[in-house]
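Below is one structure, written out as structure tokens; comments come after it.
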Amino acid sequence: MQSVDEQLQVITRGAAHVEKLEELRKKLERSVATGKPLRIKYGIDPTGFDVHLGHTVPLRKLRQFQEMGHTAVLIIGTATAAVGDPSGRDDSRKSLTSEQIEINAGTYLTQIAKVVEVTRAEVRPNGNWFSKFGFAELLRLLGKITVQRMLERDDFSNRIKAGTPIYLHECLYPLMQGWDSVEIQADVELGGTEQLYNLMVGRDLQRDAGQEPQICLTMPILRGTDGAKKMGKTAGNYIGLAEPAKEQFGKTMRIPDELLREWFTLLTDRSEGEIASIVAGHPNEAKKLLATDIVTFYHGAEAAAATLADWNKQFASGGKQDPDHIDEVNIPTADLTDGAMPAVDLIVRAGLCKSKGEARQKITEGAFNIGPDRTKLTDVKATVAMSDGLVIRLGRKILRVRVS
RNA sequence: GGGUAGAUGGCAGAGUGGUCAAUUGCACCAGACUGUAAAUCUGGCCUCUUCGGAGUUCGGGGGUUCGAAUCCCUCUCUACCCA
């Protein structure tokens, strides 16, 4: 096991806040002395299907704890998902049915496994204890916190000001999350900065239950590909762990330059000094490196190299070439007339445009071209002579047609 | 329980009987420029179209009218105020 100072250095890298650092040091000292690992809690609510890079910020931290020999405790919020976390929200969450939650929980775990060693972690659905929770226990839990304290948090006071509703059950959420900490006897809980309130409730409840309060370790919120909003499903600015290498790479290349440092810090293990020198260089090169790092992590070094090669081939200044790996679309011969097809139909069939009208517009704009010499079609009524393997392009999208 | 104000395209938000497929902003897509970044400019952004138009839209349902997003009835939902 590494020394306390070494561990502290790893733990605090990239972290936003540690509550409290001194207590953490004590816990680590004891752990090193006794050889007993700390219990590191991280909770995730299965509210959707995609785990994205934003989630990986605390997850990566959890992995680092694992690498140092501590125990990761993953709380799957099967019970809390039904309530919905009000943190950082300006409206209430839609509650999910238990079937949805069940399905989501499964897909979440397989995705999380890309970051954390799930097989070595304790996985605890919090429905396990909340389903047995009695009304008397609930009342006792509710008695631990005042309405004033609940309402003073920013999320709620903003919503009160804005006039958006706050439902009573949402107030239950922090208590439930805090109770999870008691159930699993957490030493440290990880979360985004917006989680601080919820994490602190855990401390209170643990103290109340006669346990040593957990350390609250918050990580900065990762901004999404737009560089403005928090990465999330609703904002549509996220990169999913399950996305293909090409998508992850391309999306990373399109992030604003200002995001580079933040992303390097929170999404890679590179040292601060290394990051500083990378960011000082040309942003385009820095982004390629970042994109390669990310793709390597989720798809392996080989895939990353291939994706980078494709990228360079397609976009490197000078000759524009087609990448080696192009997605394919199948067109049955039966749909062709004399071996040809109207360009407009082809574009829609290939999924490059949503409607024929849009396809016409794009053709007029000169966005559509085909074949090895990039013949630009500008006539809305043009037909395309179809041959197997024909490459069609619309803007930055590129597809190979398979005729069968 | 009583009262008031609302529900318009992905979001915000105009429109209050015909000139409304619905101003505008954001987001989004494409073109030019570039580093497929940003910024900027241009075009587009319900569907179909023989490019003349045509068809379905303004919470749901029903009605008035030659004609409704706009008026009436009703249902559903939401916020605010009073209790």
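The first sequence begins at 68 in this note's numbering and counts up one residue at a time.
Cβ coordinates follow ideal geometry from the N, Cα and C atoms, glycine included.
Treat the numbers as computed from the prediction; the structure is a model and nothing was measured.
- Under the 8 Å Cβ criterion, the stretch 92 to 109 does not count as touching the stretch 331 to 345, having fewer than three qualifying pairs.
- By the CB criterion at 9 Å, P390 and K448 fall outside the cutoff.
- With fewer than 16 other beta carbons inside 10 angstroms of its own, R207 counts as exposed.
- The three-state secondary structure of V118, taken from DSSP, is coil.
- DSSP places V470 inside the beta strand (DSSP E), whose first and last residues are K464 to V470.
- If you check the CB distance, I398 and K354 do not come in under 9 Å.
- As computed with DSSP, V458 is found in a beta bridge with R467.
- Measuring C-alpha to C-alpha distances from Q178 to each of I306, C420 and Q273 identifies I306 as the nearest.
- DSSP lists T404 and A452 as the bridge partner or partners of A407.
- The shortest C-alpha to C-alpha distance from K128 to any of V150, A100, S338 and A82 is the one to A82.
- Residue P311 holds the alpha-carbon nearest to the alpha-carbon of A370 among K103, P311 and Y175.
- One thing to note: V124 has its Cβ within 9 Å of the Cβ of M286.
- Under the three-state reduction of DSSP, Y305 is assigned to coil, being neither helix nor strand.
- Remark: fewer than three beta-carbon pairs, one from each stretch, lie closer than 8 Å, so the stretch 166 to 181 and the stretch 205 to 219 are not flagged as touching.
- Taking 9 Å as the cut-off, the Cβ atoms of D254 and I142 do not count as close.
- Following the DSSP letters along the chain, one finds K108 inside the beta strand (DSSP E) bounded by residues R106 to I111.
- Pairing Q315 with Y240 gives a Cβ-Cβ distance that is not under 9 Å.
- When K300, Q278 and Q262 are compared, the shortest CA-CA separation from L284 is found for Q262.
- Bounds of the beta strand (DSSP E) holding H84 are H84 to E86.
- For N304, same chain residues with a beta-carbon under 7 Å away, outside a window of 5 residues either side, are G291, T292, D293, K296 and M298 in chain order.
- When DSSP states are grouped into helix, strand and coil, A139 belongs to the strand group.
- If you ignore the 5 residues before and after E86, its C-beta comes within less than 6 Å of the C-beta of C283, all in its own chain and listed in chain order.
- For I288, DSSP assigns no beta-bridge partner whatsoever.
- In this structure, E395 lies near R469, with their beta-carbon atoms less than 9 Å apart.
- Rounded to the nearest angstrom, the gap between the Cα atoms of E250 and D377 is 49 Å.
- For G317, the enclosing alpha helix (DSSP H) covers residues A312 to M320.
- Following the DSSP letters along the chain, one finds I393 in no beta strand (DSSP E), marked with neither H nor E.
- Around the beta-carbon of R187, fewer than 16 other beta-carbon atoms lie within 10 Å, marking it exposed.
- For E166, the enclosing alpha helix (DSSP H) starts and ends at S165 to I179.
- Between the beta-carbon of L413 and that of L461 there is about 10 Å, and that puts the pair past the 8 Å contact cut.
- Residue pairing of V255 in beta bridges, as defined by DSSP: I107 and I282.
- F202 has its alpha-carbon roughly 57 Å from the corresponding atom of A373.
- For E96, no pairing in a beta bridge is given by DSSP.
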